[in-house]
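Novice:
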Amino acid sequence: IGTLVYEDSANASKAVAQEIADLIKVKQSQKQPCILGLATGSSPKGLYAELVRLHKEEGLSFKNVISFNLDEYYPMEPDSVNSYVRFMKEQLFNHVDILPENYHIPDGTLSKENIASYCDQYEVKIEALGGIDLQVLGIGGNGHIGFNESGSLQNSRTRLVALDHITRVAASSDFSDLENTPRTAITLGVKKIMEAKRVILLAWGERKADIIRKSTEGEVTSRVPASYLQEHNNATFVLDKAAASKLT
Ligand code: F6R
Numbered sequence: 191i192g193t194l195v196y197e198d199s200a201n202a203s204k205a206v207a208q209e210i211a212d213l214i215k216v217k218q219s220q221k222q223p224c225i226l227g228l229a230t231g232s233s234p235k236g237l238y239a240e241l242v243r244l245h246k247e248e249g250l251s252f253k254n255v256i257s258f259n260l261d262e263y264y265p266m267e268p269d270s271v272n273s274y275v276r277f278m279k280e281q282l283f284n285h286v287d288i289l290p291e292n293y294h295i296p297d298g299t300l301s302k303e304n305i306a307s308y309c310d311q312y313e314v315k316i317e318a319l320g321g322i323d324l325q326v327l328g329i330g331g332n333g334h335i336g337f338n339e340s341g342s343l344q345n346s347r348t349r350l351v352a353l354d355h356i357t358r359v360a361a362s363s364d365f366s367d368l369e370n371t372p373r374t375a376i377t378l379g380v381k382k383i384m385e386a387k388r389v390i391l392l393a394w395g396e397r398k399a400d401i402i403r404k405s406t407e408g409e410v411t412s413r414v415p416a417s418y419l420q421e422h423n424n425a426t427f428v429l430d431k432a433a434a435s436k437l438t
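Quick note: the sequence shown, position 45, residue 235 per this note's numbering, numbers continuous.
1) For the 8 Å Cβ check, are there 3 or more pairs between the stretch 280-296 and the stretch 327-336?
2) Determine whether the beta carbon atoms of Gln-420 and Val-380 lie at a separation below 8 Å.
3) Could you say which of Phe-258, Glu-248, Leu-244 lies nearest to Leu-228 if we only look at CA atoms?
4) Beta-carbon within less than 6 Å of Glu-393's beta-carbon, same chain only, minus the 5 sequence neighbours each way: which residues are those?
5) Is Ala-425 closer than 8 Å to Tyr-263 when the C-beta atoms are compared?
6) Consult DSSP for Asp-273 and reduce its assignment to one of helix, strand or coil.
7) Leu-378 and Phe-427 - do their beta-carbons sit closer together than 8 Å?
8) How is the beta strand (DSSP E) around Glu-396 delimited, first residue to last?
9) Name the two residues that bound the continuous beta strand (DSSP E) containing Val-326.
10) Are Ile-281 and Tyr-238 touching if we call contact CB-CB under 8 Å?
11) If you follow the beta strand (DSSP E) that Thr-426 is part of, which residue opens it and which one closes it?
12) For ligand 1, is there a heavy atom less than 7 Å away from the beta-carbon of Ser-477?
13) Do three or more CB pairs link the stretch 207-223 to the stretch 239-258 at distances below 8 Å?
14) Whole angstroms are fine: how far does the CA of Lys-431 sit from the CA of Asp-198?
15) Measuring CB atoms only, is the stretch 346-360 touching the stretch 310-326, in the sense that at least three cross pairs come out at less than 8 Å?
16) Along the chain, which unbroken stretches of the beta strand (DSSP E) at least 3 residues long are found entirely within the stretch 199-240?
17) May I ask you to check if the CB of Phe-365 is nearer than 7 Å to at least one heavy atom of ligand 1?
18) Based on Cα-Cα distance, which residue from Leu-250, Ser-232, Ser-233, Gly-192 lies nearest to Ser-219?
19) Could you tell me the distance, in whole angstroms, from the CA atom of Ala-205 to the CA atom of Asp-364?
20) Can we count Ile-322 as close to ligand 1, meaning its CB is less than 7 Å from some heavy atom?
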């Protein structure tokens with residue numbers, strides 16, 4: 191596992207955006223789609239802003255990009271203020287030339303009995319495209335990646351999960367209170383994340399310092415799903431100084 195430490199999240203986000211832009215362009219020159227795995231939350235906001243800037247000011251095209259988001263709350267209406275569909279449109283999709291049929295976000299409106307087959311199909315679509323070329327991740331304070339909470343197995347599939355209490359507390363500021371914060375979500379499983387050819391995990395700020403140390407230097411354990419990335423052959427943790435401050 192690699193760690194790259196930047197002065198601040200702005201510089202780090204620019205570097206990651208450049209890597210993604212370079213990959214998109216290589217794939218364009220090969221007339222291939224570029225398959226991106228995308229995250230929501232606060233951590234990738236600067237990255238998406240920089241990708242939008244590269245599109246508007248430097249002509250970076252997203253016409254060959256096919257994306258799969260990690261997760262969505264369940265239940266969730268796509269036009270709700272807290273939906274990850276809304277987040278992705280506002281942060282990225284509405285501002286670049288990605289084709290609407292080319293982005294995928296787990297559907298928070300399914301009826302319960304349809305979720306399992308929907309999740310299987312989500313993975314089949316990724317596999318049919320040859321897998322994820324580059325997966326962007328954030329990390330929860332408990333070490334979750336996507337919404338693979340503590341206890342998620344390394345071979346876990348895309349599925350409906352119960353959110354940890356700490357995850358719901360962290361999310362509750364977006365909802366009116368804890369009671370109104372979703373209890374479940376659909377998440378890409380750890381297996382598909384581990385199969386991505388390249389993984390970049392973003393973490394900023396002191397509140398992530400402990401879990402970054404555990405994930406990168408601690409034992410590989412289902413208690414800390416991000417620790418599985420120690421076994422990935424091309425994963426990098428991109429950190430600001432504060433998030434890296436507890437690394438030995
Ligand atoms: C979001 C996701 C989550 C977040 C994590 C960190 O799609 O998969 O794992 O990346 O909860 O969230 P922030 O970036 O808000 O600290």
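The beta carbon of each residue, even a glycine, is placed where N, CA and C say it ideally should be.
Specialist: Concretely, from the data shown:
1) These segments do not touch.
2) Going by C-beta atoms, Gln-420 is not nearer than 8 Å to Val-380.
3) Cα-wise, what sits closest to Leu-228 is Phe-258.
4) Checking the sequence, you will find Ala at residue 393 rather than Glu. Within its own chain, the residues whose Cβ lies closer than 6 Å to the Cβ of Ala-393, once the five positions on either side in sequence are excluded, are Ile-329, Ile-402, Leu-429, Ala-433, listed in chain order.
5) Not a contact, by the Cβ cut-off of 8 Å.
6) Checking the sequence shown, residue 273 turns out to be Ser, not Asp. It is coil, neither helix nor strand.
7) In this structure, Phe-427 keeps its C-beta atom at 8 Å or more from the C-beta atom of Leu-378.
8) Segment: none, Glu-396 is in no beta strand (DSSP E) and carries neither H nor E.
9) In the DSSP assignment, Val-326 falls within the beta strand (DSSP E) that extends over 324-327.
10) Ile is not the amino acid found at residue 281; the sequence shown has Gln there. Gln-281 places its beta carbon less than 8 Å from that of Tyr-238.
11) Where Thr-426 is concerned, the enclosing beta strand (DSSP E) stretches over 425-430.
12) Only positions 191 to 438 of the chain appear in the structure, and residue 477 is not among them; the question remains open.
13) By the Cβ test, the stretch 207-223 is in contact with the stretch 239-258, since at least three Cβ pairs between them sit closer than 8 Å.
14) If I take the Cα positions, the gap works out to 7 Å.
15) Verdict: yes, contact present.
16) Qualifying beta strand (DSSP E) stretches, in chain order: 224-228.
17) Result no, Cβ not under 7 Å from ligand 1.
18) The shortest C-alpha separation from Ser-219 is found at Leu-250.
19) Taking the straight line from one Cα to the other gives about 29 Å.
20) Between ligand 1 and the CB of Ile-322, the shortest heavy atom gap is not smaller than 7 Å.
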